[in-house]
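A.B. asks:
Chains as they are written, first to last, in our numbering: chain A, 3 to 277; chain B, 33 to 204.
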């Protein structure tokens, strides 16, 4: 009996991987999920106060250490504000120019579907969450998912009331990106640790410095268009290095989104498609 | 295995799978979190034997994969042997002692942690050994052990040991 069920499990995994996302097993799972989703929503609502209390306690423990560091940062930021006033004016002009050059304007081409995260990542092997918006809200596979801080991931599976989102920190995620300050282009991939990213494929001649902002490039290669619109912030360059034997620069990026406390996200739905 | 037991276990494991994805997973210590499904499954298998444990493991895995929109069959692949083994272990131990649940949950957690790492590695979804062992396995083990005995006590109320078996337990 045990052996039979193990073999059946293996068969399920195999068929699930081999069939398309419209296959029988995927369809059965979607139906089951749409039945379970209301219960998950209810459970998530009941759990939220307890999760917040837990998060508050753990945050409090680390807050003491952070306090001293933040005091120093506040002082530095005060000085920065003065410099920023001038830069903001310059930035406005450059943004207009860039938007004109890039053609596709963000966020004009997109509608926002704001939603809650129902299910956090279940294992360290897959960085995926389930959100409480689905095809009935206009969400489709490959839609970009963002937070106010920046890019979170993409939709990989959709049911009528929920959707699975692969986070940008997942090993299977990738996004074409560029360094905002120097326009050095590359691809953002998962980094060596769970909470870091790599900016790969950046030419050794390109100029990149720690602190530079990495944004989605919205690049088009032939007939293939990037899933992400131009200009969604991804992270800040943490370190840059290169070796003679490497073809490209080694750039580590710290994501702007705090994936440990991902509760609310926005799915970007193309206006053309929604209409 | 009575129909009443099967019905109760089906509903209970579905509920626990929902609680696992909504309540238990967000409680993170390191990168680990309490595994309510495994602890419940082990308790059920200890109380009702290997056949019950095997079927319960398969069903629990399916429920978990559906509830989390995961790869169908992946959790069943690991939970089915865990349920079978815990059932066999339960047959050879006294059911009134607090130690079998602790030992079975500990071994089940290690099996699930390492098994999961191997399966995901084979699917091309690796993680560093330090993350899997230090970040996930050790905290999960500690949290599961904390839950093991209270959950087992609760399950003994829901799935009481038959009168004849109880006499055997007292004699032992």
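Every residue gets a Cβ at the ideal spot worked out from N, C-alpha and C, and that includes glycine.
Give the interface partners of residue 128 of chain A over in chain B, defined as CB-CB distance under 7 Å, in chain order.
C.D. replies: Ordered by position in chain B, the residues that pass the 7 Å Cβ test against residue 128 of chain A are 157.
A.B. asks: Spatial neighbours of residue 149 of chain B within its chain, please: C-beta separation below 6 Å, excluding the five flanking residues on both sides.
C.D. replies: Counting only Cβ-Cβ distances below 6 Å, and skipping sequence neighbours, we find 164.
A.B. asks: With 16 other CB atoms within 10 Å as the buried threshold, where does residue 65 of chain B fall?
C.D. replies: It is buried - the Cβ of residue 65 of chain B has at least 16 other Cβ atoms within 10 Å.
A.B. asks: Could you tell me which chain B residues have their CB closer than 8 Å to the CB of residue 36 of chain A, listed as they occur along the chain?
C.D. replies: Correct list: empty, because the minimum Cβ distance to chain B is about 11 Å.
A.B. asks: Could you check how far apart the C-beta atoms of residue 114 of chain A and residue 229 of chain A are, in whole angstroms? I think they sit under 8 Å.
C.D. replies: Residue 114 of chain A to residue 229 of chain A, Cβ: 16 Å. No contact.
A.B. asks: With H, G and I counted as helix, E and B as strand and the rest as coil, what does DSSP make of residue 235 of chain A?
C.D. replies: The answer is strand: DSSP assigns residue 235 of chain A an E or B state.
A.B. asks: Taking the Cβ atom as the reference point for each residue, do residue 147 of chain B and residue 116 of chain B lie within a distance shorter than 8 Å?
C.D. replies: For residue 147 of chain B and residue 116 of chain B, no; Cβs fall outside 8 Å.
A.B. asks: For a contact defined as C-beta to C-beta under 7 Å, what are the partners of residue 83 of chain B on chain A?
C.D. replies: In chain order: 3.
A.B. asks: Quick one: is residue 141 of chain B buried, meaning 16 or more other Cβ sit within 10 Å of its Cβ, or exposed?
C.D. replies: It is buried - the Cβ of residue 141 of chain B has at least 16 other Cβ atoms within 10 Å.
A.B. asks: Report the neighbours of residue 191 of chain B on chain A: residues whose CB is nearer than 7 Å to its CB, in chain order.
C.D. replies: None at all; the shortest Cβ gap to chain A is about 20 Å.
A.B. asks: For residue 232 of chain A, count the other beta carbons within 10 Å of its own beta carbon; 16 or more makes it buried, fewer makes it exposed. Which is it?
C.D. replies: The residue in question, residue 232 of chain A, is buried, as its Cβ has 16 or more Cβ neighbours within 10 Å.
A.B. asks: Checking the sheet assignment: what are the DSSP bridge partners for residue 252 of chain A?
C.D. replies: Note: residue 252 of chain A sits in a beta bridge opposite A:243.
A.B. asks: Whose CA, out of A:25, A:155, A:56 and A:32, lies closest to the CA of residue 259 of chain A?
C.D. replies: Here the closest residue by C-alpha is A:155.
A.B. asks: Tell me, please, whether the stretch 122-137 of chain A touches the stretch 156-166 of chain A by the rule of three or more beta-carbon pairs shorter than 8 Å.
C.D. replies: These segments touch.
A.B. asks: Do residue 210 of chain A and residue 253 of chain A have their C-beta atoms within less than 8 Å of each other?
C.D. replies: Cβ atoms of residue 210 of chain A and residue 253 of chain A: closer than 8 Å.
A.B. asks: If I follow the unbroken alpha helix (DSSP H) through residue 170 of chain A, where does it start and stop?
C.D. replies: Residue 170 of chain A -> no alpha helix (DSSP H), and no H or E assigned at all.
A.B. asks: Cβ closer than 8 Å: which chain A residues qualify as neighbours of residue 51 of chain B?
C.D. replies: The contacting residues are 45.
A.B. asks: Is it buried or exposed, residue 130 of chain B, if we count other Cβ atoms within 10 angstroms and call 16 or more buried?
C.D. replies: The residue in question, residue 130 of chain B, is exposed, as its Cβ has fewer than 16 Cβ neighbours within 10 Å.
A.B. asks: Could you tell me whether the Cβ of residue 99 of chain A comes closer than 8 Å to any Cβ of chain B?
C.D. replies: Any reading at residue 99 of chain A needs caution, since the residue's pLDDT is 41, under 50, leaving its predicted position unreliable; the model's value is listed next. False, the Cβ-Cβ gap to chain B never drops below 8 Å.
A.B. asks: In this structure, does DSSP put residue 29 of chain A in helix, strand or coil?
C.D. replies: Residue 29 of chain A falls in the helix class under three-state DSSP.
A.B. asks: Quick one: which chain A residues come within Cβ less than 7 Å of residue 177 of chain B?
C.D. replies: Per Cβ cutoff of 7 Å: no residues; residue 177 of chain B is ~19 Å from chain A at best.
A.B. asks: Which residues of the stretch 184-208 of chain A have a Cβ closer than 9 Å to any Cβ of chain B? Give them in chain order.
C.D. replies: Hits within the stretch, in order: 194, 195 and 196.
A.B. asks: Using a beta-carbon distance below 8 Å, is residue 63 of chain A in contact with chain B?
C.D. replies: Cβ-Cβ to chain B under 8 Å: no for residue 63 of chain A.
A.B. asks: Do three or more CB pairs link the stretch 95-103 of chain B to the stretch 41-58 of chain B at distances below 8 Å?
C.D. replies: Contact holds: three or more Cβ-Cβ distances are below 8 Å.
A.B. asks: For the putative contact between residue 113 of chain B and residue 4 of chain A, defined by C-beta atoms under 8 Å, what is the C-beta separation to the nearest angstrom?
C.D. replies: Yes, they are in contact, since the Cβ atoms of residue 113 of chain B and residue 4 of chain A sit about 7 Å apart, within 8 Å.
A.B. asks: Decide if residue 109 of chain B is buried, meaning its Cβ has at least 16 other Cβ atoms within 10 Å, or exposed.
C.D. replies: Looking at its Cβ environment, which holds 16 or more other Cβ atoms inside 10 Å, residue 109 of chain B is buried.
A.B. asks: Just verifying my parser: in three-state terms, what is the DSSP assignment at residue 112 of chain A?
C.D. replies: Looking at residue 112 of chain A - three-state DSSP - the assignment turns out to be strand.
A.B. asks: Examine chain B for any beta-carbon lying closer than 8 Å to the beta-carbon of residue 170 of chain A, and answer yes or no.
C.D. replies: Taking Cβ atoms only, chain B never reaches closer than 8 Å to residue 170 of chain A, which makes this a no.
A.B. asks: Have a look at residue 227 of chain A and residue 178 of chain A and give me their C-alpha separation to the nearest angstrom.
C.D. replies: Going by the C-alpha atoms only, they are around 10 Å apart.
A.B. asks: For residue 70 of chain B, count the other beta carbons within 10 Å of its own beta carbon; 16 or more makes it buried, fewer makes it exposed. Which is it?
C.D. replies: Buried, by the Cβ-count rule.
A.B. asks: When the cut-off is 8 Å and only beta carbons count, does residue 104 of chain B lie next to chain A?
C.D. replies: Yes, because at least one Cβ of chain A sits closer than 8 Å to the Cβ of residue 104 of chain B.
A.B. asks: In three-state DSSP terms, what is residue 99 of chain A?
C.D. replies: Confidence at residue 99 of chain A is low in this model, with a pLDDT of 41, below 50, so the placement of that residue should be treated as unreliable; the coordinate-derived value is given next. Of the three classes helix, strand and coil, the one that applies to residue 99 of chain A here is helix, per DSSP.
A.B. asks: Looking at C-beta atoms only, is the number of pairs between the stretch 117-124 of chain B and the stretch 69-85 of chain B that lie closer than 8 Å three or more?
C.D. replies: Yes, they touch.
A.B. asks: Shorter than 8 Å from the beta carbon of residue 143 of chain B to some beta carbon of chain A?
C.D. replies: Judged by the 8 Å Cβ criterion, residue 143 of chain B is not in contact with chain A.
A.B. asks: Exposed or buried, residue 112 of chain A, counting other C-beta atoms within 10 Å across all chains shown (16 or more means buried)?
C.D. replies: So residue 112 of chain A ends up on the buried side.
A.B. asks: Excluding the five sequence neighbours on either side, which residues of its own chain have a C-beta within less than 6 Å of the C-beta of residue 159 of chain A, listed in chain order?
C.D. replies: Closer than 6 Å at Cβ, skipping near neighbours: 166.
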